[in-house]
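**Student:** If you count by UniProt numbering, then the sequence shown holds residues 1 to 332, one letter each, in order. Just so you know, even glycine gets a beta-carbon here, dropped at the ideal spot from N, CA and C. Next up is a structure, given as structure tokens.
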Amino acid sequence: MRRTALAQIKPAPTTHAGLWLDRFLTEAGADDETKAKASLVEQVAGLKVPALYNYFFDRWKASLNQPDIICREAIVQGRMIVGLGNASPIETSICLHHTYGVPYIPGSAIKGLVAAYARQQLGDDWAKGSETQPENPLNAYQTMFGHPSSAGYLTFFDALYIPNSSQPLAIDVMTPHHMNYQQGGSLQAPTDFDSPNPVAFLSATGSYLFAIGGEEAWVTAAFAILEKALQEYGIGAKTSSGYGRLKLEPPPRDTNQDALEQFLADFNRLRPNQFASQIGRYIQQWRELEGIKQKREAAETIIKMARVVMREKDFQAKSWFSELITFIDQHS
């Protein structure tokens with residue numbers, strides 16, 4: 001009676017996928033085990049993303065809006081499986097967010113992929129080197145990824161599923177032909193006459209938000225390596241079968257940077273004898289710029305020209321000079 005009652009339980013559309021996958025395998029008997037596992041995979045793959053996840057993702061993305069963090073989107077080309085070997089009642093698994101049950105890529109996996117590609121495909125400066133005797137100075141690999149004696153320059157954040165990009169989970173099937181032999185249950189060599197054993201498992205699709213934090217030059221280099229690694233190596237399990245390939249989208253146009261470039265192009269056309277009469281207009285334009293990095297660069301450019309065209313005692317007495325210097329000091 002109890003077993004029958006459990007078999008009638010079906011997930012609601014917004015059920016937590018990870019919880020359902022880990023706790024609701026309805027049959028444990030040997031005869032029904034394969035069927036029950038396939039049914040569980042089908043149920044989990046059909047679950048919708050919780051509505052609250054959209055709000056969480058927006059907060060997460062907003063928290064990454066920092067001067068030293070760069071974000072880029074990537075689209076799964078086919079299917080992806082990260083965490084296939086994690087503990088699971090159906091023997092195969094996938095990384096799902098603990099709170100919201102949607103697939104994600106751990107930052108540790110991203111860092112490991114970038115590090116592996118750098119070691120294997122780049123030059124000698126990207127060799128891992130000794131873990132007990134660091135190079136002095138540290139080579140590029142040790143600088144980017146760290147060393148037991150020194151933390152790495154970069155932070156690799158988890159890559160989260162982008163809402164509404166695609167149904168995040170899908171049903172996949174592998175068909176091992178020689179299970180008894182591969183599991184050590186038979187000494188008889190496998191043959192072409194062995195029967196396939198369909199095994200259902202979950203894979204991920206959709207788009208994901210990648211974020212790396214650190215000095216801009218190193219972050220840019222890391223993304224260049226990551227783009228190659230995602231296309232050539234893939235991430236997660238079964239990459240030799242074509243899983244885990246992602247296409248990293250070009251970085252979005254930075255409107256703050258566009259505004260800065262327009263400001264500098266106009267300002268650099270200013271003649272020395274026009275500086276004193278026009279500086280008020282440019283200070284107002286400077287105040288309207290967005291982005292700390294961009295405003296700092298513009299402020300430094302204005303002060304540099306002031307030192308060329310004015311006497312130091314004259315421009316240091318100006319209120320706009322104090323405003324620019326204060327901003328630079330606060331954001332250095």
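(1) Please name the residue, chosen from D22, H147, Y117, I75, that lies closest to N86 on a Cα-to-Cα basis.
(2) Which same chain residues end up closer than 6 Å to K37 when comparing Cβ atoms and leaving out the 5 residues on each side of it in sequence?
(3) Look at the alpha carbon of L19 and the alpha carbon of G101, and state the distance between them as a whole number of angstroms.
(4) Measuring straight from C-alpha to C-alpha, what distance separates W320 and T301?
(5) Helix, strand or coil for I225, going by three-state DSSP, please let me know.
(6) Ends of the beta strand (DSSP E) at Y153?
(7) For P67, which three-state DSSP category applies?
(8) Going by beta-carbon coordinates alone, are L270 and M305 separated by less than 9 Å?
(9) Enumerate in chain order the residues of its own chain whose CB-to-CB distance from Y117 is below 7 Å, with the five nearest sequence positions on each side excluded.
(10) Tell me whether the beta-carbon of residue 335 lies closer than 9 Å to the beta-carbon of L246.
(11) Where do the ends of the beta strand (DSSP E) carrying S203 lie?
(12) D172 bridges to which residues according to DSSP?
(13) Where L64 and R72 are concerned, what is the direct C-alpha to C-alpha distance, given to the nearest angstrom?
(14) Let me check understanding here. Comparing Cα to Cα, which of A62, Q120, F156 lies closest to I105?
(15) Return the CA-CA distance between A200 and H98, expressed in angstroms with no decimal places.
(16) Whole angstroms is fine: what's the gap from L289's alpha carbon to D254's?
(17) Can you list, in chain order, the residues of its chain whose CB lies under 7 Å from that of H16, leaving out five sequence neighbours each side?
(18) Is it true that the CB of V82 sits closer than 9 Å to the CB of I94?
(19) On the criterion of 16 or more Cβ atoms from any shown chain inside 10 Å, does Y55 qualify as buried, or is it exposed?
(20) How would you label Q121, buried or exposed, when you count the other beta carbons within 10 angstroms and need 16 or more for buried?
**Tutor:** Taking the coordinates as given:
(1) Here residue 86 refers to the residue found at position 86 when the sequence shown is read from its first residue. The candidate whose alpha carbon is nearest that of N86 is D22.
(2) By one-based count along the sequence shown, residue 37 stands at place 37. I90.
(3) In the sequence shown, the residue the question calls residue 19 occupies position 19. In the sequence shown, the residue the question calls residue 101 occupies position 101. Cα-Cα distance, rounded: 8 Å.
(4) Here residue 320 refers to the residue found at position 320 of the sequence shown. Here residue 301 refers to the residue found at position 301 of the sequence shown. When rounded, the distance between both Cα atoms is 13 Å.
(5) As a position in the sequence shown, residue 225 is number 225, starting the count at 1. I225: helix per DSSP, three-state reduction.
(6) Locating residue 153 in the sequence shown gives position 153, where the first residue counts as 1. Where Y153 is concerned, there is no enclosing beta strand (DSSP E), given that its DSSP letter is neither H nor E.
(7) In the sequence shown, counting from the first residue as 1, residue 67 sits at position 67. Of the three classes helix, strand and coil, the one that applies to P67 here is coil, per DSSP.
(8) Counting from 1 along the sequence shown, the entry for residue 270 is found at position 270. Counting from 1 along the sequence shown, the entry for residue 305 is found at position 305. Contact: yes.
(9) Counting from one through the sequence shown, the residue named residue 117 turns up at place 117. So the list reads I225, K228, A229, Y233, once near-sequence residues are dropped.
(10) In this structure the chain extends from 1 to 332, so residue 335 is not present and cannot be described.
(11) On the sequence shown, position 203 is the one that residue 203 refers to. First-last of the beta strand (DSSP E) with S203: 199 to 204.
(12) As a first step, residue 172 must be located in the sequence shown, where it is residue number 172. According to DSSP, which records beta bridges pairwise, D172 is partnered with F201.
(13) To locate residue 64, count along the sequence shown from 1; it is residue 64. To locate residue 72, count along the sequence shown from 1; it is residue 72. Going by the C-alpha atoms only, they are around 11 Å apart.
(14) The residue labelled residue 105 in the question sits at position 105 within the sequence shown. It is F156.
(15) Along the sequence shown, read from residue 1 onward, the residue named residue 200 stands at position 200. Along the sequence shown, read from residue 1 onward, the residue named residue 98 stands at position 98. About 22 Å.
(16) By 1-based counting over the sequence shown, the position of residue 289 is 289. By 1-based counting over the sequence shown, the position of residue 254 is 254. Cα to Cα, the separation comes out at about 13 Å.
(17) As a working note, residue 16 is residue 16 in the sequence shown. Answer for H16: G101, listed in chain order.
(18) By 1-based counting over the sequence shown, the position of residue 94 is 94. By 1-based counting over the sequence shown, the position of residue 82 is 82. Going by C-beta atoms, I94 is nearer than 9 Å to V82.
(19) Numbered from its first residue, the sequence shown carries residue 55 at position 55. The residue is exposed, with fewer than 16 neighbouring Cβ atoms inside 10 Å.
(20) For this step, residue 121 is matched to residue 121 along the sequence shown. Q121 comes out exposed.
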